[in-house]
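Here the working numbering is used: the first residue of the sequence shown is 1299, the next is one more, and so on.
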Amino acid sequence: EWQVKATRNTTITVRGTLQDVRAEALKHNPNWGRDYPPVAIDFDDDNVDVNVDGTQVKRDTTAPSGGKTINAKRAAQDFHIDCGRFESVEWMEALHEVGYLHSVDGKPTNGPGFGACTRVSCAYNTAVVWCNDDPYKKSLTSFSQIADGAMAILNKCWTDPHG
């Protein structure tokens, strides 16, 4: 379940993948893609990313009220990652999906249960899946948290396919 800004004053709730969210948001706001463009992620260590419009965004986990920031990058060692359990993905498409997830305003929610998994995005033989193993419903502060996890998996499994 996604809660996403469709316009400045309208938040919609959508079930499905990132592609479903985009389609629904465009129904509410034909300019949604322009109004909420994907963030261009800079994966070096300067702690600054550049949006597609050229503006810089400092990564920070303490956003001022109403401010848009990007969560600090997370390293692969911050997660328990098992590589090689699923089929490989298209690297560039996965990076594209990570960028889109960083740009989506809203809070993801996933139901309870061991292995309660939700496909967040799926395109070009590449899926991003978020699983909740806790016995209670979980909401994250932003989709950037899912993007951070996906990037950590890409970084670890690209260099060490067997984990």
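All C-beta atoms, glycine included, are put in the ideal place defined by N, C-alpha and C. Because the structure is a prediction, the values reported are computed rather than measured.
### Query
What are the boundary residues of the alpha helix (DSSP H) that valine 1396 is part of?
Annotation: the continuous alpha helix (DSSP H) that includes valine 1396 extends over 1389 to 1401.
### For isoleucine 1379, the three-state DSSP class (helix, strand or coil)
Coil, per DSSP.
### Message
Can you give me the C-alpha to C-alpha distance between aspartate 1431 and cysteine 1415, rounded to a whole angstrom?
### Response
Going from the Cα of aspartate 1431 to the Cα of cysteine 1415 covers about 9 Å.
### Query
CB of asparagine 1327 to nearest heavy atom of the ligand SAH: below 7 Å?
As presented, the structure is devoid of all ligands, the ligand SAH included, so that no description of it is given.
### Message
Could you compute how far the alpha carbon of glutamate 1391 sits from the alpha carbon of phenylalanine 1384?
### Response
Spanning the two alpha carbons is a distance of roughly 16 Å.
### Task
Find the nearest neighbour of isoleucine 1444 within the set Arg1417, Tyr1422 and Ala1421, judged by alpha-carbon distance.
That would be Arg1417, whose Cα lies nearest to the Cα of isoleucine 1444.
### Task
To the nearest angstrom, report how far apart arginine 1306 and tryptophan 1428 are at their CA atoms.
Taking the straight line from one Cα to the other gives about 27 Å.
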